[in-house]
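Inspection log for the structure reproduced underneath, given as structure tokens.
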């Protein structure tokens, strides 16, 4: 196995380029660019050597000979990696009993049939597109290496492959007396449908003021495809797994009164529902657009918890309406207040409890899903919403993507070969010294760079 020689050879070439900079033959920025290109090239060479060495190991193994027959030995495969295009050769086999055909080395390392983009690069693309468009994300990933540029459809496929998973139980549970749950939704255009709701729920322990106001220990949840029951069960499981329930005295559930939000009271034991003041104000504003003098009396009746007084003021607004559309807005407001009066009462009784769900939906969901004209597939919008929640939770989308892929034991299997090569080189001569005739500068005419490099080599520095 020639991995050690490849690395040694590349280190010597890099040393030559360093001396070019020292002699003034190249500026630092150019050196930096060339260095990255050389190291990316080394990465591809090492991957090629590892995969082909693994293929030879499979071909020579007794287990393979008992079960698989060699069909072809040197089929070429090209796949895009974070280092650039990787081209390697491997064998094609047929199973003796099942007659299955397979590239065993591809199967071993997790390269799926017809794959053109590697898993690590897909993970990079997936993380990038959670913050920007598909086109911008592929430009971002390929900004230092144009060979990494892929199509928007490839990025979309990465998103559709993404799998979300529920939060793992915490080894130690938190002790709090009050817990806050806030919920709202974004309306997203989906191809072939009128639209869907991307729902957002977040759990937190209140507001901290330092270094600037923020939610304490906040955890975000999103879904497009789950039913309200499934979604609230997920939230309830998180609370049970991360908080000592016996310590919680109050749980406030804030929202705009949507049926799916009210369902949360059934699955979050003891939750006190509070109607979001923003949505209440929006309904009152629309209902009194033609009679603004009624707004103050309506709010006074709300503060006095006089439901009948509120409805009487709205009835006055209804009598003063001259257009059917205005009448409908007032009737909608009356119905809204009647259906959510319990939430209005709790809002008055607990004025310190606010709700910032509208802003969180805007930043976490709308900013990527609906603030620009775009249409999603149902699978794409569901996964993207999950990725945005991961990002808001400050979790790595890159690591999350990789965690769903089966790890490969390649390095462990080739460990013996690498150690054997290192031992052989150490016994023969010190690694790093020039003995492969692969440093052109040492064979060139006399110069300051040649003298410096030769001196370093003789002194066993490189």
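Numbering (the numbering used here), first residue to last: 9 to 470.
Heads up, the beta-carbon is just placed ideally off N, CA and C, and yes, glycines get one too.
Own chain, CB closer than 6 Å to residue i, minus 5 neighbours either side, in chain order
| i | result |
| --- | --- |
| residue 166 | 130, 133 and 134 |
| residue 91 | 48, 51 and 52 |
| residue 410 | 131 |
| residue 213 | 184, 224 and 225 |
| residue 286 | 366 |
| residue 82 | 97 |
Distance between residue j and residue i (C-alpha atoms, nearest Å)
| i | j | result |
| --- | --- | --- |
| residue 306 | residue 317 | 8 Å |
| residue 441 | residue 52 | Bear in mind that a pLDDT of 48 at residue 441, under 50, signals an unreliable position, so the number given afterwards is only what the model happens to contain. Going by the C-alpha atoms only, they are around 24 Å apart. |
| residue 193 | residue 379 | 14 Å |
| residue 207 | residue 387 | 15 Å |
| residue 143 | residue 309 | 53 Å |
| residue 244 | residue 403 | 21 Å |
| residue 228 | residue 278 | 21 Å |
| residue 78 | residue 62 | 15 Å |
| residue 232 | residue 205 | 6 Å |
| residue 16 | residue 40 | 19 Å |
| residue 68 | residue 101 | 13 Å |
| residue 210 | residue 189 | 6 Å |
| residue 235 | residue 383 | 22 Å |
| residue 359 | residue 44 | 58 Å |
| residue 276 | residue 127 | 39 Å |
| residue 109 | residue 99 | 11 Å |
| residue 55 | residue 390 | 35 Å |
| residue 335 | residue 238 | 38 Å |
| residue 160 | residue 85 | 23 Å |
| residue 73 | residue 65 | 11 Å |
| residue 297 | residue 345 | 17 Å |
| residue 222 | residue 151 | 34 Å |
| residue 157 | residue 46 | 19 Å |
| residue 176 | residue 241 | 14 Å |
| residue 343 | residue 394 | 34 Å |
| residue 59 | residue 21 | 24 Å |
| residue 107 | residue 149 | 41 Å |
| residue 111 | residue 413 | 19 Å |
| residue 247 | residue 371 | 24 Å |
| residue 259 | residue 220 | 24 Å |
Sequence-distant residues of its chain with Cβ nearer than 8 Å to residue i (five each side left out)
| i | result |
| --- | --- |
| residue 292 | 303, 306, 307 and 341 |
| residue 376 | 138, 139, 392 and 396 |
| residue 89 | 51, 52, 55, 126, 128 and 129 |
| residue 273 | 261, 279 and 281 |
| residue 168 | 385, 387, 388 and 391 |
| residue 271 | 236, 237 and 240 |
| residue 93 | 52, 86, 87 and 155 |
| residue 80 | 99 and 100 |
Burial state of residue i (16 or more Cβ within 10 Å)
| i | result |
| --- | --- |
| residue 146 | buried |
| residue 187 | buried |
| residue 320 | exposed |
| residue 23 | buried |
| residue 313 | exposed |
| residue 288 | buried |
| residue 230 | buried |
| residue 348 | buried |
| residue 203 | exposed |
| residue 405 | buried |
| residue 373 | buried |
| residue 368 | buried |
| residue 37 | exposed |
| residue 408 | buried |
| residue 218 | exposed |
| residue 365 | buried |
| residue 95 | exposed |
| residue 215 | exposed |
Close beta carbons around residue i, own chain, < 7 Å, minus the five adjacent residues each side
| i | result |
| --- | --- |
| residue 338 | 295, 322, 325, 326 and 329 |
| residue 103 | 75 and 76 |
| residue 351 | 265, 281, 282 and 283 |
| residue 269 | 191 and 263 |
| residue 163 | 133, 137, 142, 145 and 146 |
| residue 3 | This structure cannot speak to residue 3, because the chain is shown only from 9 to 470. |
Checklist entry - Three or more beta-carbon pairs under 8 Å between the region 282 to 297 and the region 344 to 363, yes or no? => result yes
Item to check | alpha helix (DSSP H) segments (min. 4 residues) lying fully within the region 346 to 382 | outcome: 349 to 357 and 365 to 369
Next on the checklist: Quick test of the definition: if touching needs 3 or more C-beta pairs under 8 Å, does the region 105 to 125 touch the region 398 to 408?
Outcome noted: no
Checklist entry - Using 8 Å as the Cβ pair cut-off and three pairs as the minimum, do the region 166 to 179 and the region 192 to 208 touch? => result no
Checklist entry - With contact counted as at least three CB pairs below 8 Å, one residue from each stretch, are the region 244 to 260 and the region 176 to 193 in contact? => result yes
Checklist entry - Which whole runs of the alpha helix (DSSP H) in the region 178 to 266 are 4 residues long or more, in chain order? => result 236 to 250
Item to check | Start-end ranges of the beta strand (DSSP E) lying completely within the region 309 to 350, minimum 3 residues | outcome: none
Next on the checklist: What ranges does the beta strand (DSSP E) occupy inside the region 33 to 119, keeping only unbroken runs of at least 3 residues that lie completely in it?
Outcome noted: 76 to 89 and 92 to 103
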